[in-house]
Amino acid sequence: MLNSYQKEELIKIHKRRKKILSFKNFIKTAVILTGGIIATNYVVDTGNKINELEAVIESHHKADGLYDNDMSMVTDFNNITNAANCVYEIESETTYLSIEGDGIERTIEGGGTGLLLKNDTILTADHVLDPKSYHSDMFRGFKGTLKDAKYFLIINGERYEFKPIEHELYEKDLGIGLMVEDINTAKYEGTIGDCRDLRRGNVLYVAGAGGDVGVRLRDGIYSGKIPDTDLYNFSNSVNFGDSGGPVFAIKDGEVELVGVMVQGRGTGFGLLPDINIFEGIEGKL
5 MLNSYQKEEL IKIHKRRKKI LSFKNFIKTA VILTGGIIAT NYVVDTGNKI NELEAVIESH
65 HKADGLYDND MSMVTDFNNI TNAANCVYEI ESETTYLSIE GDGIERTIEG GGTGLLLKND
125 TILTADHVLD PKSYHSDMFR GFKGTLKDAK YFLIINGERY EFKPIEHELY EKDLGIGLMV
185 EDINTAKYEG TIGDCRDLRR GNVLYVAGAG GDVGVRLRDG IYSGKIPDTD LYNFSNSVNF
245 GDSGGPVFAI KDGEVELVGV MVQGRGTGFG LLPDINIFEG IEGKL
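Just so you know, we're using this note's numbering here: the sequence shown kicks off at 5 and counts up by one.
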């Protein structure tokens, strides 16, 4: 289903083409009705202007290998929907055992968002999978040591366990998990793009499970790279639960994965790490 922005873009393109066609027909009709009396140079000038306008519209829809600033080149909006369907909520359970030796346990529930890839790998933010994101001091009057941490992907209301994979990219806040068992569900098989090629103004789509309303897909604009970091800025805030959700860009009308949401809660903007650092370990999974 098209959103309001996509509908507006298609309507604009349709109107432009309709105007060109209508004006061409008008000139032809005028020439016929006047028996060719209409000024030849006027017809030629008008024809040239029409050709120029058509060329502008055509160039706007010509593949150039760059990320797009709008949705006008998208021919199948199901590609965006299909990519978003591979995004799932993550739930975590971090359990602590009392240091008093009384056997008392306390469990902290957390969560985030992850993208399920075709090899049953989950791409998310590292802090979603890091037990150190929580601590036993969160329980008043309780001190404990870490006993266990479990992670689940929520698919159609059911919980499916996965295990975090140790890797060298945790400092970049990229988290990776692997499903305990193969799940018959939507998995991302699209392209992993190059966020270094993003330009200010490129349209982005982010999908996250923040706000306790399930996974939401919304658009934003690429704002630029933050100096001296591997982080990129986009104009959409990251809510609690969105962390780890994928960021998609459009290149010549096709969807590409360009990042993961890691920061930005309550700031009015979001941050994504350089997705290209994921390439170094993708082949090892």
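In this text, a Cβ means the ideal position worked out from N, Cα and C, and glycines have one as well. Since we're looking at a predicted model, the values are computed, not measured.
- Relative to methionine 75, the option among Phe143, Asn206, Phe166 whose CA is nearest is Asn206.
- Between the alpha carbons of glycine 249 and threonine 117 lies a distance of about 5 Å.
- With a cutoff of 8 Å on beta-carbon distance, valine 264 and alanine 129 are scored as near each other.
- Isoleucine 254 is positioned such that its CB atom lies no closer than 8 Å to that of serine 239.
- Counted as a single uninterrupted DSSP element, the alpha helix (DSSP H) harbouring alanine 87 occupies residues 82-88.
- Here arginine 220 is bridged, per DSSP, to Gly212.
- By the Cβ test, the segment 180-189 is in contact with the segment 165-172, since at least three Cβ pairs between them sit closer than 8 Å.
- In the DSSP assignment, valine 132 falls outside any beta strand (DSSP E) and carries neither an H nor an E.
- Closest option to isoleucine 108, judged by alpha-carbon separation, among Leu120, Asn83, Lys147: Lys147.
- Around the beta-carbon of leucine 120, 16 or more other beta-carbon atoms lie within 10 Å, marking it buried.
- Of Tyr236, Gly218, Val242, Leu235, the smallest CA-CA separation from cysteine 90 is found for Gly218.
- Here DSSP, grouped into helix, strand and coil, assigns arginine 204 to coil.
- By the neighbour-count criterion, in which 16 or more other beta carbons inside 10 Å mark a residue as buried, asparagine 237 falls on the buried side.
- Cβ contact annotation for aspartate 152 (same chain, cutoff 7 Å, sequence separation greater than five): Thr99, in chain order.
- Nearest C-alpha to alanine 211 among Val266, Lys53, Asp80, Ala88: Ala88.
- Glycine 245 counts as buried, since at least 16 other C-beta atoms from the protein chains shown sit within 10 angstroms of its C-beta.
- By the neighbour-count definition (other C-beta atoms within 10 Å, threshold 16), asparagine 82 is an exposed residue.
- Judged by their CB atoms, isoleucine 159 and threonine 189 are nearer to each other than the 8 Å cut-off.
- Note that the C-beta distance between tyrosine 209 and isoleucine 84 is below 8 Å.
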